[in-house]
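There are 2 protein chains.
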Amino acid sequence: MTTIKDIARISGYSIGTVSRVLNDHPDVSDVAREEIVQIVKEYDFIPNANAKKLKQRPKGIAILLKGSSNFLFADILEKIQTAMIKSEEETTVIYLDEDENEVTAAIRIVKERKPKGIIFLGGNLKYFQESFDQITIPAVLLTNNAMNLHFDNLSSYSTDDTAACQAMTEYCIHLGHKNIGIVGGNADSSETQVSYRRIQGCIAAFDKHNIPFDKDRQYEPCRFSMQDGYDATARLLKRDPSLTAVIALGDVIAIGALRAANDLGLRVPEDVSITGFDGIEMTRYTIPRLTTVAQDTSSLALKCSIDIMQRTHYKYESENEIIPFRIMERESVRTIKEKRKL
Amino acid sequence: MTTIKDIARISGYSIGTVSRVLNDHPDVSDVAREEIVQIVKEYDFIPNANAKKLKQRPKGIAILLKGSSNFLFADILEKIQTAMIKSEEETTVIYLDEDENEVTAAIRIVKERKPKGIIFLGGNLKYFQESFDQITIPAVLLTNNAMNLHFDNLSSYSTDDTAACQAMTEYCIHLGHKNIGIVGGNADSSETQVSYRRIQGCIAAFDKHNIPFDKDRQYEPCRFSMQDGYDATARLLKRDPSLTAVIALGDVIAIGALRAANDLGLRVPEDVSITGFDGIEMTRYTIPRLTTVAQDTSSLALKCSIDIMQRTHYKYESENEIIPFRIMERESVRTIKEKRKL
DNA sequence: CTGAAAGCGCTTACAG
DNA sequence: CTGAAAGCGCTTACAG
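Residue numbers (numbering that gives the first Met the number 0), protein chains in the order written: chain A, 0 to 341; chain B, 0 to 341.
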C-alpha cells in the first residue's frame, strides 16, 4: 500500500509538501506541484481517508435515510441533493434500516465523519427524546415534527399527518361516502408514530360529520408494504362488504389494496374507492391512478437544504415548520349518489 | 469530545487497558473491566472509528449497490444480508449513484474501510476492465458476467440476459405473436451493457422463427424508469398500432408501458400484451399482473454470500456462474388466435 | 515556498 | 494482568 511517505520519498519532497499538493494549498511552487501530481498519478495514490479525518475539521452534511426502499424519502433525497449541489457543501447519504435507531447512528457518525450538519429523513421522536442531547451540531428532521422536543439545534419540516388524513377523509365524505374503512399502521401506537396521528385525523373527520366509526369493523392494521396492504385490505373488505371506500395510510399499502379489491372482484372506484398517502411516483402509474394526499417533497427538500446551510454557516435559529399537503384528485375515488334522493 | 485518554485518566487505568476492555480482550482483570465499562457508559464514550481503522486489520464485507432505488438490487441485498447474518462477518452497504464508477468507488473504500471482501450489486464491465486490477481482495459481481475479464480475485453470478430475452420473446411467439415491439435501453450500446444483450436476445428469437424485425418501427429506446417507459411505449404504440405485444426490457419500464397502453385506450392483454424483466415485487400487484422473466434473486444472493465467505477465509478459486431465470406467466400476455385459420 | 516535528485517537507488541 | 511507548497515515502550525 503506497502512502504519503512513499510519494514524498519518490518525489524527493517532504511529506508536508506532498500533503499541501494533495489538498490544493496555494503555497507550493509550480515545479513541486507538477512533479508530485505526476507521481501521485503514476502510483494511483489515494490518501487514507481515516488518517485525514483524524485531524480534519468538520465538513459536509450527513443525510440519514431510514428505510432504503422508502419511495417518499428517495424522492425527497433526490431533491435535497439537487438543492445542495449548488452550495459548496459535500453531502453523504447513509441508509439505515427501517427499525434502526437513527439518533444512535447519528452520534456514531458525528464521531466518525465529523459532518457540520445532519439531515434526518424520517425518524422516531422517541429516539430523539432519549439521546439527541448528545448531538450538538445543527440538524434537521424531515417529515416529523420536532416542535415538542425543544432542542435548539434541531429544526423540523413536516406534513401535518393528522390534518392531511382528516382532509382526505372529509374529501371522501363530501363525495357521499359514509362507510369508510381504514387500513395501515397500528391503532394502539403512540403519538410519536405517524400511523397514530393519521388515524386520529380520520377519526376527527368522522366525529366532525357525525359519522360513527367502529374500529373493530372498519379498521385493519398493517405494516407499510404492498404485501401487508394487500392482506389487510382483503381482510377488511371481506369482513365488511358494505364499505364504499378504503383509506390506506400509505401509498404502498394502497397499491396492495388496489390489487386486493381487484382480486375480490371489486372494481375501483366503481365498487369501492381507495385512497393513499404520500404521493409517491408510482401512484401516477397505477390502474386506476391513485387518489392520494401528496406531501410537498419539493418544499420539504428546499426548506431543509436552506435551513441546514444557514445554520451550519451562520447563527440562525432552528425552526419547526408545517408544510402544506395537497389532495391529488385522481381516479380511484368515485362520487356516491345520495340514495335518499332516489 | 471525550477520548480514550479521558477514560483512562478518569478510571485510573492506562490507555492500553481501556483499549483492551473496549475490544473485549480476555487478559483484563474483572475489576478493571467492570470499572472501565462503568465509566465508558457513564460518559457515553464511543471510540473514534477513524483512529481505530488506522491500525486495524481488514474486516467485514463491503456491498456496493448501484442505484439507490433499484428494486431488483434492493431485493437481492435483503437476501444477502439474511444469508450473511449467520456468518460472523459484518456487512456494510454503500449506495452508489446509477452512473457512478463503482470500481473507482471500491478502490477508495478498500483504502478507507479495509474490508476483507467486496460485493458489487450491479456494475459496468467497462469500469472493471479499466481499473479493477487495483483491487486485490476477493470480490463478487452480481447480475453481470465477469468471465471475459479474467481477474482471478473476481467471481460473478448472473442471469443470461440474452437467453432470457430470447426465451421471453419465443414465449410470445409461441402464443401467436408475430408483430412484437421492444422498449428500453439503447440499441447502439455495447456488449458491456445489459440492454444491448437483452435486445440481442429478442433479435435472436425473431431470427430463429424467421420473423422480420424492423428496428426503426418496432424498437423504442428508453432509460429504466416508469416515466421513460411510459413515454417510449406511447411513442411505439402510436407509431405502430399493429403491434400485438410489447417486450419491455425492465419491469419499471413495463409498469410505465401498462399505463401508456391504458391511456391509449388499449386493454392489456386483450388489445396488446406487455412483458417485463427482473421479476420485482411490484409486478405481482399491477393490474393486470405482469408477465415477466424473473431473475433468481435467492440463488444469486446465496451463491454470492457463500462465495465471498469462502474466498475471504480460505484459498478458493473465483468462479463465473450463470444462474437460471424463470418466465413468470401471469396476466399481461394473451394468446393470439391464428387469423389465417378463420 | 519548504521541511521537521508535534499531534490526531487509537492498537498492540514488548516488558514486567 | 497492566503500563509505557511505538506506530498507523495524515495535517498543520512553526521556523526558516
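The beta carbon of each residue, even a glycine, is placed where N, CA and C say it ideally should be.
Which same chain residues end up closer than 8 Å to residue i when comparing Cβ atoms and leaving out the 5 residues on each side of it in sequence?
i: B:V267; result: L257, A260, N261, I273, P287 and S331
i: A:Y126; result: N100, E101, V102 and T103
i: A:V271; result: L236, L242, T243, A244, V245, A260 and L265
i: A:N4; result: With the sequence shown as reference, residue 4 of chain A is identified as Lys, and Asn is not the correct amino acid for it. Closer than 8 Å at the Cβ level, and outside the excluded window around A:K4, lie I14.
Could you give the distance in angstroms between the alpha-carbon of residue i and the alpha-carbon of residue j?
i: B:K177; j: B:C201; result: 12 Å
i: A:F15; j: B:A50; result: Reading off the sequence shown, one finds Gly at residue 15 of chain A, where the question assumed Phe. When rounded, the distance between both Cα atoms is 20 Å.
i: A:S157; j: A:R310; result: 18 Å
i: A:D187; j: A:Y195; result: 7 Å
i: A:L341; j: A:T334; result: At A:L341, the pLDDT of 43 sits below 50, so the modelled position is not reliable and the matter cannot be decided from this model.
i: B:D215; j: B:N185; result: 12 Å
i: A:M281; j: A:E89; result: 30 Å
i: B:F223; j: B:I252; result: 6 Å
i: A:L141; j: A:N147; result: 15 Å
i: B:F119; j: B:N144; result: 12 Å
i: A:M327; j: A:T2; result: 57 Å
i: A:E33; j: A:V17; result: 11 Å
i: A:R325; j: A:I134; result: 34 Å
i: B:I179; j: B:D277; result: 19 Å
i: A:Y315; j: A:P137; result: 10 Å
i: A:N123; j: A:Q165; result: 22 Å
i: B:G366; j: B:D29; result: For residue 366 of chain B there is no data in the structure shown, the boundaries of chain B being 0 and 341.
i: B:F44; j: B:H149; result: 47 Å
i: B:I106; j: B:P57; result: 14 Å
i: A:E9; j: B:F131; result: In the sequence on display, residue 9 of chain A carries Ile and not Glu. In a straight line, the C-alpha of A:I9 is about 25 Å away from that of B:F131.
i: A:A204; j: A:G183; result: 17 Å
i: B:G275; j: A:D159; result: 38 Å
For residue i, count neighbouring Cβ atoms within 10 angstroms of its own Cβ and tell me buried if that reaches 16, exposed if not.
i: A:S304; result: buried
i: B:S189; result: exposed
i: A:Y42; result: exposed
i: B:Y313; result: exposed
i: A:I321; result: exposed
i: B:R112; result: buried
i: B:G228; result: buried
i: A:L336; result: One detail in the question is off: residue 336 of chain A reads as Lys in this sequence, not Leu. Exposed, by the Cβ-count rule.
i: A:T91; result: exposed
i: A:P114; result: buried
i: B:D74; result: buried
i: B:N209; result: exposed
i: A:K207; result: exposed
i: A:K302; result: buried
i: B:D306; result: buried
i: B:D213; result: exposed
Note down, in chain order, each residue of its chain lying with its Cβ closer than 7 Å to the Cβ of residue i, except the 5 sequence neighbours on either side.
i: A:R339; result: The predicted model places A:R339 with a pLDDT of 49, which falls under 50 and marks its position as unreliable; any figure quoted below should be read in that light. Closer than 7 Å at Cβ, skipping near neighbours: no residue.
i: B:P323; result: D295
i: A:G388; result: Residue numbering for chain A in the displayed model covers 0 to 341; residue 388 of chain A lies beyond these limits and cannot be assessed.
i: A:D151; result: S317
So the candidates are the options; which of them puts its Cα closest to the Cα of residue i?
i: B:Q226; options: A:G180, A:E87, A:T285 and A:A231; result: A:T285
i: B:L153; options: B:Q165, B:R112 and B:Q128; result: B:Q128
i: A:G121; options: A:N185, A:T296, A:K54 and A:E280; result: A:T296
i: B:V36; options: B:A7, B:S189, B:Q217 and B:G116; result: B:A7
i: A:T168; options: A:T158, A:Y156 and A:I181; result: A:I181
i: B:L248; options: B:R56, B:E190, B:M83 and B:T161; result: B:T161
i: B:Q217; options: B:K207, B:I198, B:F223 and B:S224; result: B:I198
i: A:K85; options: A:M308, A:M327, A:I326 and A:R325; result: A:M308
i: B:L63; options: B:M0, B:V109, B:E328 and B:L53; result: B:V109
i: A:V39; options: A:F212, A:I117, A:V20 and A:G183; result: A:V20
i: B:E77; options: B:I321, B:A163, B:E111 and B:S298; result: B:S298
i: B:A31; options: B:S13, B:I45, B:G116 and B:P46; result: B:S13
i: A:L53; options: B:L289, B:K4, B:N47 and B:K58; result: B:N47
i: B:A61; options: B:I117, B:E87 and B:L95; result: B:I117
i: A:V193; options: A:F212, A:P211 and A:P220; result: A:P220
i: A:I279; options: A:D5, A:T232, A:N69 and A:I93; result: A:N69
What residues in its chain sit with their C-beta under 6 Å from that of residue i, if we drop five residues either side in the sequence?
i: A:S155; result: L140, N144, A145 and N319
i: A:A293; result: G278, R325 and M327
Please indicate yes or no: does the CB of residue i lie closer than 7 Å to some heavy atom of the ligand HEM?
i: B:D215; result: Annotation note on the ligand HEM: not contained in the displayed structure, which lists no ligands.
* Indicate whether the contact test is met: 3 or more Cβ pairs, each with one atom in the segment 244 to 251 of chain A and one in the segment 166 to 182 of chain A, closer than 8 Å. => yes
* Asked: Are there three or more Cβ pairs, one per stretch, closer than 8 Å when the segment 76 to 89 of chain A is compared with the segment 10 to 27 of chain A?
  -> Judged by Cβ distances under 8 Å, the segment 76 to 89 of chain A makes no contact with the segment 10 to 27 of chain A, as fewer than three pairs qualify.
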